[in-house]
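K.L.:
Let me begin by handing over the structure; questions about it come next.
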Amino acid sequence: MMCGDDINQSINTDMQEDTGPEHCATSNSMNESVKVLENLQIKIGEAKHLIPGNRDTRNSYCSVCLDQEEIFKTRIIEKSLSPFFQEDVDFDIPHKFRLLCFNLHDVQEDVLVKRDHIYAKVAIKKTDIVKYNAHEHWFPLMPVESCSKVQGQVYIDVKFSHYQSLGLNVEDGHKLTVRIPECSGLMISSGNCDPYVTVSLQGTHRNETKKTRVRKATTNPHFDDEFVFELNKNNNLRRSWFDLTLGGNEMKVADQEHWTALTLKVAVYSSGTLGDEFLGEVKIPLSSLIDMKCHAGWYLLNARSGKTTGNGVKEDFGSIRVKIVYIKDYVFPSHVYNELLQQLVSSVNVEPVSASWPNIMSTVCGVRNRPQVVRSLVRIFLHQSMLSQLIEPLADDEIDRNQSPSTLFRNSSLVSGLIEESMRLVGLNYLFNILSPSIEKIKTEKKPCEIDPSRLGAPSFAMASSTSSIDMNSQASDQSQSNMNNLWEYVHQVVTAILKSAPQCPSLFCEIFNGLRNSVTKHMPDDANTRYSAVASFIFLRFFAAALLSPRQYKLVNEDMDATSSRTCTLVAKIVQHLCNKSMPKAASTQTASYVNTFCKRFVTQEHLDSIQNFIDVISSTMKCLDSKGRTSSILEKVMLKEGEMVKRAQGRTFLLSRKNFKTRYFALTNYELSYRKNKSSKPLCIIPVQEIIGVEKLQEESFRMGYMFQVIQPNRVLYCKANNSVDQKEWMDVLLKVCTCNRNRAQHYHPGAFLQGKYICCNSTTQKAPGCTRVTGLPASIRLSTDLDRELERIYSLLSSSVERIHQLQEECGARAVYVGPQLPSSSQFDSEESVSVEDTDIEQSLPPPNPNKFDVEDPQHTFRTLCSMLECISTLKELHEEYFTASGANDAELGTHERPYGDT
């Protein structure tokens, strides 16, 4: 909660009445052309030392919230006070927020009810995220009270005035007028919000409270109520405390101590039948208004102060380890990035490969930023249909440099990252078709499959005393055999599905794997193992096995898996990994658990191993890379763009009392169609070709009194959908817009309100097929070709601009190596004209130290230096544009006290 000093400081920085900023035409044009996009990448690690619940333990999960809106939640970790979550979430920020919250929930299932409540949390202000950005940090957990769950703003208008008394021998008075016009964005409590506001003047000897009327069912109530407080009432304030100027336009205070004792408190509540619930409050010391006759502005609602222990020290509720990566990009129009895109695309032909843009970017941006570099490069080159041309020379160079096949394509290398990101981006639909039937069967049947003797458990002492050792061994053996048979059933189903999927393997996979195999054959012609392991390590170990280990991360399941099913998937992944290793032509001995070896010796035959080799041969064959017309493009393949549950309103049938119902359905969007079904495994109930989607727009909340709704506009009807939260709503709308923007019959106008009771609530038109009353969201005609590409190019610029110092260091290293061991660059080069040193100068040559091998590994100083110069030139050009934008938009920052920048939001 903001204390009085904080609010006092906020108010004193803005002594004038709030007025809107004036915008020049140039600034407006700049602001309209630049898109500000924010993204959060969060990794929730683990929590430790949680306080016990009623049963001395907890079934916990962690949720991620923007203010009070839940965006993501982890799986439930049962019976643990140190739960290990290890889950990631990545999403674009759909709206402004003040607090990023991590809530710890406790789930206790009783006989009649399942209770889920928040018992601890971490709240990080948006302005403080930069302190922890890109670093893992242990955050102390704080207790959660009902009065601490607040959000929203309140507008407060304060005015001091003087009045003359009509009575004899009675001093003139001074009054404080407080007006509450409205509130905004209040929290919905217990399913509804019926707000009212109390205004109190509090001091050592005074506590006077007044309240507004109750507004029903709204989070943005309008009151416009006015309250008057007599400041010298009951002689609490004397006339001598005030010193009014003759003109009466200014008020000064002679004795400030009494003003400090008085506080204006504005609190917001929600009226309820079982009691009113606190929604937030603002406290304004009157001392902060000393120099102002009137003051008005938006204030951020704050929570009440938390409870402490008897000695004044807050109780320890444990801690949670979280890594937060916050990214804010200013995306300019496409033509701004033409030079950067051209440099990146042409870098695939640069020799040596070590002097290419991707390789140098991976070096100067560092290991910490390498995942972001990989992510952007994959999307840029995939968009340009040049992803295999990017990976092949880099992979060939890494194979050529590598001396040991056992260290080829380690996880930290650039090539490994590019291939893994490509498989995740392109192959999720392929992966789902292969593995989802098996995983669904594992979840449904829940057969015991444990084959690790240390996990099977030992017989109890009572059993041991009453049963012979022969009987116990027989029971344990029977259990182990049964579990092995169950496990083999699942393993056989998974392996068979994988081996039969070779014809459906994405063409991009085949292009990449074919390039890997050719490079290994060229550089290691006598190594039969590596030409298989180079492909198998990616498709089996880092794709299929990784998906089995983390099915939720690869979108194979949407909900938590029980412990038995999760363990079965882990065992299947171990067996698949072992089969992959044993299928090599000259399989080397590997350190594998004995129970895995025992299992494979019993069930796996040479025929299985030969089939795996044949599968690798097929997906890395040049013939598989071509479609029926000899093309290598994978455009014709159906790609899953997004899927998940939403609530939809019935499109056609009308139910009781002419009302259409809402139902939860599982939606799936591909590059060909949008469909929905009862659940993920059932048949589609409706299929909408993307050619028939002529618009996607938000729906007014007043239509159905529901948030996060949007409409999919078709020529003859409209599909109303409700997403789970604002992030989900934005993701669905963005991807739907991308697939329908290039439709020729795209709508130009739409109705922002629904058609209810015979008319549109937005324009009162009584014809359901009436033309829209509002112009559709403005989008460039080439959004499919530009929007995502522009953002990835802006991300490349941001990464490079933050690594300029390392680029200069690499330039110095190139100069040192060129002088010490290499030839001079041509005199026309930038390096020669600015920093070159003549090798013929013996004195200078002897004074130069040898290059530091610990800095950078520069293979070709000349070409590397040229690439660095072009990189700095691109950075400089884009930096100038960014500075112009910041200069133009800096003067237009929201003033303190406005809705965009309320008091108390520090």
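Under UniProt numbering, the final residue of the sequence shown carries the number 906; numbering is consecutive throughout.
Cβ atoms here follow ideal geometry from the backbone N, Cα and C, with glycine treated the same way.
Note that the structure is a prediction, hence the values are computed from the model and not measured.
1) Taking buried to mean at least 16 other C-beta atoms within 10 Å of its own C-beta, is V576 buried or exposed?
2) With three or more beta-carbon pairs closer than 8 Å as the criterion, would you say the stretch 680 to 697 touches the stretch 740 to 758?
3) Distance, Cα to Cα, L508 vs M423?
4) Return the Cβ separation of S362 and D860 in integer angstroms, given the expectation that the two are a contact with Cβ distance under 8 Å.
5) Along the chain, where does the alpha helix (DSSP H) that runs through A770 open and close?
6) Taking a contact to mean a Cβ-Cβ separation below 8 Å, would you say G772 touches T766 in this structure?
7) Just verifying my parser: in three-state terms, what is the DSSP assignment at L387?
8) So is I380 buried or exposed if we call it buried at 16+ other beta carbons inside 10 Å?
9) Quick one: measure Cβ to Cβ for C762 and H751, integer angstroms, because I've assumed they're closer than 8 Å.
10) Assuming F662 is part of the alpha helix (DSSP H), what are its boundary residues?
11) Excluding the 5 residues flanking T887 on each side, which residues of the same chain have their C-beta closer than 7 Å to its C-beta?
12) With a threshold of 6 Å on Cβ separation, who are the neighbours of D452 within its own chain once the five nearest residues in sequence on each side are excluded?
13) Taking 6 Å as the limit between beta carbons, can you name the residues of its chain near K210, skipping five residues before and five after?
14) Where does M142 sit, in a helix, a strand or coil, going by DSSP?
15) Closer than 7 Å by C-beta to V150: which residues in its own chain qualify, once you throw out the five before and the five after it? Chain order, please.
16) Return the residue from the list L719, K678 and N679 that minimises the CA-CA distance to E697.
17) Tell me the residue span of the alpha helix (DSSP H) that contains T564.
18) What do you get for E884, buried or exposed, if any count of 16 or more other CB atoms within 10 angstroms of its CB means buried?
19) Using 8 Å as the threshold, is the C-beta distance between H295 and V158 below it?
20) Could you pull out every residue in the same chain whose Cβ sits closer than 7 Å to the Cβ of Q343, ignoring the five residues on either side in sequence?
21) Relative to the C-alpha of K601, which candidate in V618, F615, K582 and D617 has its C-alpha closest?
22) From the DSSP output, which residues share a beta bridge with N745?
23) Reducing DSSP to helix, strand and coil, say where K126 ends up.
24) If you run the structure through DSSP and keep just helix, strand and coil, what is M446?
25) How big is the Cα-Cα spacing for E895 and F513?
26) Determine the extent of the beta strand (DSSP E) in which M709 is found, giving its start and end residues.
27) Please state the DSSP three-state secondary structure of G417.
28) So does the stretch 662 to 677 actually touch the stretch 643 to 652, counting three or more Cβ pairs closer than 8 Å?
29) Y430 and C505: beta carbons closer than 8 Å?
30) Output the distance between the C-alpha atoms of S876 and A534, rounded to the nearest integer angstrom.
31) How many Å lie between G904 and S82 at the Cα?
32) Express the C-alpha separation of L428 and T898 in angstroms, rounding to a whole number.
33) Determine, using beta carbons only, whether S376 and I796 come nearer to each other than 8 Å.
34) In or out: D478 buried (at least 16 other Cβ within 10 Å) or exposed?
35) Check the C-beta distance from D92 over to K500 and give it rounded, since I have them as a contact under 8 Å.
36) Taking 8 Å as the cut-off, decide whether the C-beta atoms of K722 and S565 are in contact.
P.N.:
On the basis of the coordinates in this document:
1) Taking the sequence shown and counting its residues from 1, one reaches residue 576 at position 576. With 16 or more other Cβ atoms within 10 Å, it is buried.
2) yes
3) Locating residue 508 in the sequence shown gives position 508, where the first residue counts as 1. Locating residue 423 in the sequence shown gives position 423, where the first residue counts as 1. Each residue's alpha carbon lies about 9 Å from the other.
4) Counting from one through the sequence shown, the residue named residue 362 turns up at place 362. Counting from one through the sequence shown, the residue named residue 860 turns up at place 860. The Cβ separation is near 16 Å, so there is no contact.
5) As a working mapping, residue 770 is identified with position 770 in the sequence shown. Here A770 belongs to no alpha helix (DSSP H), and DSSP marks it neither H nor E.
6) Here residue 772 refers to the residue found at position 772 when the sequence shown is read from its first residue. Here residue 766 refers to the residue found at position 766 when the sequence shown is read from its first residue. No; because the gap between Cβ atoms is not below 8 Å, this pair is not in contact.
7) By 1-based counting over the sequence shown, the position of residue 387 is 387. Reduced to three states, the DSSP call for L387 is helix.
8) Position 380 of the sequence shown, counted from the start, is the residue given in the question as residue 380. So I380 ends up on the buried side.
9) Locating residue 762 in the sequence shown gives position 762, where the first residue counts as 1. Locating residue 751 in the sequence shown gives position 751, where the first residue counts as 1. Confirmed, Cβ separation roughly 5 Å.
10) Within the sequence shown, the letter at position 662 stands for residue 662. Careful: F662 lies outside any alpha helix (DSSP H), inside the beta strand (DSSP E) at F662 to T670.
11) As a working mapping, residue 887 is identified with position 887 in the sequence shown. Taken in chain order, the list of residues that qualify is empty.
12) The residue labelled residue 452 in the question sits at position 452 within the sequence shown. Excluding positions up to five away in sequence, the list reads Y595.
13) Here residue 210 refers to the residue found at position 210 when the sequence shown is read from its first residue. Taken in chain order, the residues that qualify are V199 and F227.
14) The sequence position of residue 142 within the sequence shown is 142, counting from 1. Strand.
15) Residue numbering aside, residue 150 sits at position 150 when the sequence shown is read from its first letter. Taken in chain order, the residues that qualify are M187, L279, G280, L301, N302 and A303.
16) To locate residue 697, count along the sequence shown from 1; it is residue 697. Cα-wise, what sits closest to E697 is L719.
17) For the purposes of this step, residue 564 is identified with residue 564 of the sequence shown, where counting begins at 1. Counting along the chain, the alpha helix (DSSP H) containing T564 begins and ends at A563 to K582.
18) On the sequence shown, residue 884 is found 884 positions in, with the first residue counted as 1. Per the 10 Å Cβ criterion, exposed.
19) Residue mapping note: residue 295 aligns to position 295 of the sequence shown, counting from 1. Residue mapping note: residue 158 aligns to position 158 of the sequence shown, counting from 1. The answer is yes: Cβ separation under 8 Å.
20) Locating residue 343 in the sequence shown gives position 343, where the first residue counts as 1. Closer than 7 Å at the Cβ level, and outside the excluded window around Q343, lie W357, S870 and C874.
21) Stepping through the sequence shown from its first residue, residue 601 is reached at position 601. When only C-alpha atoms are compared, the closest one is K582.
22) Here residue 745 refers to the residue found at position 745 when the sequence shown is read from its first residue. Paired residues: none, contrary to the question.
23) As a first step, residue 126 is located in the sequence shown; it is residue number 126 there, counting from the start. Correct three-state label for K126: helix.
24) The count along the sequence shown starts at 1 and reaches residue 446 at position 446. First, the amino acid is wrong: residue 446 is Lys here, not Met. Note: K446 maps to coil in three-state DSSP.
25) The residue labelled residue 895 in the question sits at position 895 within the sequence shown. The residue labelled residue 513 in the question sits at position 513 within the sequence shown. Rounded to whole angstroms, E895 to F513 spans 56 Å at the Cα level.
26) Along the sequence shown, read from residue 1 onward, the residue named residue 709 stands at position 709. Element bounds for M709: M709 to I713.
27) For the purposes of this step, residue 417 is taken as the residue at position 417 of the sequence shown. Helix.
28) Touching, per the Cβ criterion.
29) The sequence position of residue 430 within the sequence shown is 430, counting from 1. The sequence position of residue 505 within the sequence shown is 505, counting from 1. Closer than 8 Å, so yes.
30) Taking the sequence shown and counting its residues from 1, one reaches residue 876 at position 876. Taking the sequence shown and counting its residues from 1, one reaches residue 534 at position 534. Approximately 40 Å, taken between the alpha carbons.
31) On the sequence shown, residue 904 is found 904 positions in, with the first residue counted as 1. On the sequence shown, residue 82 is found 82 positions in, with the first residue counted as 1. The straight-line gap from Cα to Cα measures roughly 35 Å.
32) Here the question's residue 898 lines up with position 898 in the sequence shown. Here the question's residue 428 lines up with position 428 in the sequence shown. Whole-angstrom Cα-Cα distance: 45 Å.
33) For the purposes of this step, residue 376 is taken as residue 376 along the sequence shown, with counting starting at 1. For the purposes of this step, residue 796 is taken as residue 796 along the sequence shown, with counting starting at 1. Yes, they are a contact pair.
34) Looking up residue 478 in the sequence shown gives position 478. It counts as exposed.
35) Here residue 92 corresponds to residue number 92 of the sequence shown, with the count starting at 1. Here residue 500 corresponds to residue number 500 of the sequence shown, with the count starting at 1. Actually they do not touch by this definition, with Cβ atoms about 37 Å apart.
36) Within the sequence shown, residue 722 is the residue found at index 722, counting from 1. Within the sequence shown, residue 565 is the residue found at index 565, counting from 1. It is not a contact, given that the beta carbons lie outside the stated cut-off.
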